[in-house]
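>
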Amino acid sequence: MKNIVIVGATSSIAEHCARIWLEAAPANLTMIGRNAERTEKIAADLQVRSPESVIRTIQTDFLTPDAIKQTADDIAATGAIDIALIAQGSLTDQLDCQSDLNACKESLEVNGISPVLFAEAFAGHLANAGRGTLALIGSVAGDRGRKSNYVYGAAKGMVTRYAQGLQHRFAGSAVKVVLIKPGPTDTPMTAHLKAQGTKLTPVEDVAQGIVNAINRGQAVVYVPGKWRLIMWVIRHLPKGIFNKLNI
Amino acid sequence: MTKMSSWGRLNAHEHVVIDINDRSHIPALLRSHKPGLAYGMGRSYGDVCLNPGSTLWKTAKLDRFLSFNNKTGVLRCEAGVLLRDIQRLFIPRGWAIPVTPGTQLVTVGGAIANDVHGKNHHAFGSFGDHLLKIRLLRTTGETIDCGLIQHADWFAATIGGLGLTGVIVEAEIQLQQVPSAWLNTETIAYSNLDEFFHLADDSEAQWQHTVSWIDCLSSIGRGIFMRANPTSESGRIKQKARQLVMPFVPPVSFINRLSLHPFNNAYFHLQKKQAGPGIAHYEKFFYPLDNILNWNRMYGPKGFFQYQSVVPRSVGKQAVQAMLKEIARSGEGSFLAVLKTFGNREALGMMSFPQPGVTLALDFSNNGTRTLKLLERLDAIVREARGRIYPAKDARMPRDLFGQGYPKLHEFLTYRDPGISSALSRRLIGY
């Protein structure tokens, strides 16, 4: 059975990835979450979907380096990791970030620092094992700073740059680093966008895209794929035009 | 505000739509948005799932399993789980939902609220007959766990209760053992209603599933009878069935006076030629239309009505004959027409639709007054036969027919949740 680790296991995208993996084949799944009750609820659901899987849940602090290292060490001690998916995140309102530095800090921490710390903790173990896939969920918002969500975008941009460096480090080895950039996805995180009428991609489709990218070991994947083109255009818009856009 | 429609696409009014993402959020949501109504997949045809100008609590994301006992077949799950997901997960393990409707793209909560039935009513009753427990959350803050013994009155009010007794959040379902994903089938053409009833009666003891397609334009009542039993044999999947899509809404209904006659003729003769025994995968046999995404668009921008009635067996033949005559005379109607006998059993729910007799279900393109007039003539036949109409399919039945068809209505009303209302409840009950 594959050893799969999910950090931020209550994320809706991560939950749907887990469903796809476990319904395809039983696995050893370790779910790491901040909220024990919610993590347990998802674990119970996955256990019904895949009775032969071995599922365990771990509750830990998401910002304390020692706790993160200990968690990663404990998991790695039970066997080589095949897939580690780093999925935590929270879409903090941009205006809140502007008016309240605590909100700003929290957004940077949960979307940027925490994923990097977890990834770094697992990267060492993948390096030792000489194999495995480390997948990080970035965002299209990390591709170019925009007034509507630049704090969140900055944190996701950090994940992008971090993943790039990690890919450089593991180039030529059997360790794969996959950076996923979802467009706006229909999850609890984006409920306010949906209420404003934003078109969102079903979370099942995004999860399938992620699972496929991990299977292929693809370096950077946009889900759905059309965002690669959209973000290429946005990244290349001259400042004069870009600054006139209300995005 | 979001425009929401039911499956019949008769209208699209503004609603405040709120996703329920986690069952721990529900009490707060129910308190703060009233009057609301739980909304699953929106597969009911009329207005039972709509609440224009007010709130819909969308349950599709409440889709987690809680537990499954492999020895007893008892499944506990949240109300937004799709019947499709239960079938796909458990049929390979030898367990299936005993009763399912003609689409598996409905939620467990919706299946309970409409007490749906299937092709095996004579053998297994309706969906409610296989429930062990329901957890109901009320906008008053109460949680009611009800079942056959505990709060049996709430159980009976909620099965077929049109979502009006509270929000169904969890259910415990008794699955049934099945030998495989396949069914032995037999297809037989019939040329009049006498032959249909003869076939139906003959099949009741030996066949778990019986259903028939009826040519609604033939006043004599010709059609195609299908019966099936689970089998331990496996058929061969010729090729993976492609998911088809009705990609757009045509400017006029594809189903009209010009297209219907040749279509029905061709279908009848094609099926007649292919009649005989066969083997079918459960998805193909039970849910043939699920393979065409958004098939309801083919009725054009004005949408369609579905009319499903059940009339007692003693007057069944005369009533069905009379309805077919009215339809043939009007030239309205649709390719999608189903005739089936219900078994001799009463449903658990106070407001459940299935009752002993014969049920006829038909689609009608919405041609405005012309269609409504025809449906009124069908009402008169149902009224005289002491029958009833299925609320899950209805968008226009008159109040007196609702009252006559559902004699336990007054008892049911004492179980209503004061913070829940639907377009149907306002139309037929007044609030």
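Protein sequence lines, in the order shown, are assigned to chains A and B. The first sequence begins at 1 in the numbering used here and counts up by one. The second sequence begins at 1001 in the numbering used here and counts up by one. Ideal Cβ placement from N, Cα and C applies to all residues, glycine included.
Contact criterion: CB-CB distance below 8 Å. Does Asp45 (chain A) meet it with respect to chain B?
As a position in the first sequence, residue 45 (chain A) is number 45, starting the count at 1. Nearest CB-CB separation between Asp45 (chain A) and chain B: below the 8 Å threshold.
> Considering only C-alpha positions, which residue in the set B:Arg1088, B:Tyr1282, B:Trp1295, B:Cys1077 is nearest to Leu1132 (chain B)?
Taking the first residue of the second sequence as 1, we reach residue 1132 (chain B) at position 132. Residue B:Cys1077 is the option with its Cα nearest to Leu1132 (chain B).
> Less than 8 Å between the beta carbons of Ile1279 (chain B) and Glu1233 (chain B), yes or no?
Residue 1279 (chain B) sits at position 279 when you count from the first residue of the second sequence. Residue 1233 (chain B) sits at position 233 when you count from the first residue of the second sequence. Going by C-beta atoms, Ile1279 (chain B) is nearer than 8 Å to Glu1233 (chain B).
> Step through the CB atoms of chain B and report whether any lies within less than 8 Å of the CB of Lys41 (chain A).
Taking the first residue of the first sequence as 1, we reach residue 41 (chain A) at position 41. Yes, because at least one Cβ of chain B sits closer than 8 Å to the Cβ of Lys41 (chain A).
> Check the Cβ-Cβ distances between Val7 (chain A) and every residue of chain B, and say whether any is below 8 Å.
Numbered from its first residue, the first sequence carries residue 7 (chain A) at position 7. No, because no Cβ of chain B sits closer than 8 Å to the Cβ of Val7 (chain A).
> Hey, quick one: how far does the beta strand (DSSP E) through Leu1175 (chain B) stretch, first residue to last?
For the purposes of this step, residue 1175 (chain B) is taken as residue 175 along the second sequence, with counting starting at 1. Note, Leu1175 (chain B): premise wrong, no beta strand (DSSP E); not H, not E.
> The alpha helix (DSSP H) that contains Lys1373 (chain B), what's its start and end?
For the purposes of this step, residue 1373 (chain B) is taken as residue 373 along the second sequence, with counting starting at 1. Per DSSP, Lys1373 (chain B) belongs to the alpha helix (DSSP H) from 1369–1384.
> Taking Phe1353 (chain B) as the reference, which of B:Gly1387, B:Asn1192, B:Lys1325, B:Ser1219 has the closest Cα?
Position 353 of the second sequence, counting from 1, holds the residue named residue 1353 (chain B). Per the C-alpha coordinates, the member of B:Gly1387, B:Asn1192, B:Lys1325, B:Ser1219 positioned closest to Phe1353 (chain B) is B:Gly1387.
> Terminal residues of the continuous beta strand (DSSP E) containing Met231 (chain A)?
One-based indexing of the first sequence puts residue 231 (chain A) at position 231. Premise fails: Met231 (chain A) lies in the alpha helix (DSSP H), 226–236, not in any beta strand (DSSP E).
> Less than 8 Å separating the beta-carbons of Phe62 (chain A) and Ser114 (chain A)?
Taking the first residue of the first sequence as position 1, residue 62 (chain A) is located at position 62. Taking the first residue of the first sequence as position 1, residue 114 (chain A) is located at position 114. Their beta carbons are under 8 Å apart, which means Phe62 (chain A) touches Ser114 (chain A) by this criterion.
> Quick one: which chain B residues come within Cβ less than 7 Å of Pro188 (chain A)?
On the first sequence, residue 188 (chain A) is found 188 positions in, with the first residue counted as 1. Going along chain B in sequence order, the residues near Pro188 (chain A) (Cβ under 7 Å) are Asn1021.
> 8 Å is my cut-off, CB to CB: does Ser1232 (chain B) come that close to chain A?
As a working mapping, residue 1232 (chain B) is identified with position 232 in the second sequence. Closer than 8 Å: no.
> Closest Cβ-Cβ distance between Phe1248 (chain B) and chain A: below 8 Å?
Residue 1248 (chain B) sits at position 248 when you count from the first residue of the second sequence. No - not a single Cβ of chain A is within 8 Å of the one on Phe1248 (chain B).
> Would you check if the distance between the CB atom of Leu1428 (chain B) and the CB atom of Asp1129 (chain B) is smaller than 8 Å?
Position 428 of the second sequence, counted from the first residue, corresponds to residue 1428 (chain B). Position 129 of the second sequence, counted from the first residue, corresponds to residue 1129 (chain B). Against a cut-off of 8 Å, the Cβ pair of Asp1129 (chain B) and Leu1428 (chain B) comes out as no contact.
> With distance defined between alpha-carbon atoms, name the residue in B:Glu1142, B:Leu1183, B:Val1320, B:Thr1359 nearest to Ile1220 (chain B).
In the second sequence, counting from the first residue as 1, residue 1220 (chain B) sits at position 220. If we check each option's Cα against that of Ile1220 (chain B), B:Val1320 comes out closest.
> State yes or no: is the beta carbon of Ser1425 (chain B) nearer than 8 Å to at least one beta carbon in chain A?
Numbered from 1 along the second sequence, position 425 holds the residue referred to as residue 1425 (chain B). No, its Cβ sits nowhere closer than 8 Å to a Cβ of chain A.
> I want to see whether chain A comes within less than 8 Å of Lys1065 (chain B), judged by CB atoms only; does it?
Position 65 of the second sequence, counted from the start, is the residue given in the question as residue 1065 (chain B). According to the sequence as given, residue 1065 (chain B) is Phe; it is not Lys. By this cut-off, Phe1065 (chain B) is an interface position.
> Taking Ala80 (chain A) as the query, report the chain B residues whose CB atoms sit under 8 Å from its CB, ordered along the chain.
Working through the first sequence from its first residue, we reach residue 80 (chain A) at position 80. Chain B residues near Ala80 (chain A): none, gap ~29 Å exceeds 8 Å.
> Write down the C-beta distance between Phe1304 (chain B) and Phe1364 (chain B) rounded to the nearest angstrom, noting that I regard them as a contact closer than 8 Å.
Translated into the one-based positions of the second sequence, residue 1304 (chain B) becomes position 304. Translated into the one-based positions of the second sequence, residue 1364 (chain B) becomes position 364. That belief holds up - the Cβ atoms of Phe1304 (chain B) and Phe1364 (chain B) are roughly 6 Å apart, short of 8 Å.
> Rounded C-beta distance between Leu1175 (chain B) and Gly1102 (chain B)? I'm assuming under 8 Å.
Within the second sequence, the letter at position 175 stands for residue 1175 (chain B). Within the second sequence, the letter at position 102 stands for residue 1102 (chain B). Rounded, the Cβ-Cβ distance is 20 Å, inconsistent with contact.
> What separation, rounded to the nearest whole angstrom, lies between the Cα atoms of Pro65 (chain A) and Thr78 (chain A)?
On the first sequence, position 65 is the one that residue 65 (chain A) refers to. On the first sequence, position 78 is the one that residue 78 (chain A) refers to. Approximately 21 Å between the Cα atoms of the pair.
> Here's a check: name, in chain order, each residue in its chain whose Cβ is nearer than 6 Å to the Cβ of His1252 (chain B), leaving out the five neighbours to either side.
Along the second sequence, one-based indexing puts residue 1252 (chain B) at 252. The displayed chain sequence assigns Val, not His, to residue 1252 (chain B). Excluding residues within five positions, the ones whose Cβ falls inside 6 Å are Gly1300.
> For the alpha helix (DSSP H) that Trp1154 (chain B) lies in, which residues bound it at each end?
The count along the second sequence starts at 1 and reaches residue 1154 (chain B) at position 154. Counting along the chain, the alpha helix (DSSP H) containing Trp1154 (chain B) begins and ends at 1152–1158.
> Excluding the 5 residues preceding and the 5 following Gly1368 (chain B) in the sequence, name in chain order all residues of the same chain whose CB lies nearer than 8 Å to its CB.
Here residue 1368 (chain B) refers to the residue found at position 368 of the second sequence. These residues qualify, in order along the chain: Lys1302.
> Can you say whether Gly1160 (chain B) is buried or exposed, counting buried as having 16 or more other CB atoms within 10 angstroms of its CB?
As a first step, residue 1160 (chain B) is located in the second sequence; it is residue number 160 there, counting from the start. By the 10 Å Cβ count, Gly1160 (chain B) comes out buried.
> At 3 residues or longer, and completely inside the stretch 1057–1090 of chain B: list those beta strand (DSSP E) runs for me, N to C.
1065–1069, 1074–1078
> Give me the subset of the stretch 1088–1108 of chain B whose CB atoms are less than 8 Å from a CB atom of chain A, sorted by chain position.
Listed by position along the chain: Leu1089.
> DSSP three-state call for Leu85 (chain A): helix, strand or coil?
As a working note, residue 85 (chain A) is residue 85 in the first sequence. If DSSP states are grouped into helix, strand and coil, Leu85 (chain A) belongs with the strands.
> At what residues does the alpha helix (DSSP H) containing Tyr1039 (chain B) begin and finish?
The residue given as residue 1039 (chain B) occupies position 39 in the second sequence. Where Tyr1039 (chain B) is concerned, there is no enclosing alpha helix (DSSP H), although the beta strand (DSSP E) it sits in stretches over 1036–1039.
> Can you list the residues of chain A that Phe1068 (chain B) reaches, using a CB-CB cut of under 8 Å?
For the purposes of this step, residue 1068 (chain B) is taken as residue 68 along the second sequence, with counting starting at 1. Under the 8 Å cutoff, chain A gives Val48, Pro51.
> Just curious, the alpha helix (DSSP H) that Leu215 (chain A) is in, first and last residue?
As a first step, residue 215 (chain A) must be located in the first sequence, where it is residue number 215. Checking the sequence, you will find Asn at residue 215 (chain A) rather than Leu. Note, Asn215 (chain A): alpha helix (DSSP H), 203–216.
> Looking at the strands, I want to know which residues DSSP matches up with Ser1309 (chain B).
Residue 1309 (chain B) sits at position 309 when you count from the first residue of the second sequence. DSSP, once it has assigned bridges, lists B:Leu1360, B:Ile1389 as partnering Ser1309 (chain B).
> Could you pull the start and end residues of the beta strand (DSSP E) that Val151 (chain A) belongs to?
Translated into the one-based positions of the first sequence, residue 151 (chain A) becomes position 151. Per DSSP, Val151 (chain A) belongs to no beta strand (DSSP E); it is in the alpha helix (DSSP H), 150–170.
> Pick helix, strand or coil for Glu52 (chain A), following the three-state DSSP scheme.
Translated into the one-based positions of the first sequence, residue 52 (chain A) becomes position 52. Coil, per DSSP.
> Using a beta-carbon distance cut-off of less than 7 Å, what residues from the stretch 188–207 of chain A approach chain B?
Pro188, Ala191
> Just to confirm my understanding: we take Glu52 (chain A), look at its own chain, exclude 5 residues before and 5 after, and list those with CB closer than 6 Å. What are they?
Walking along the first sequence from the start, residue 52 (chain A) turns up at place 52. So the list reads Pro26, once near-sequence residues are dropped.
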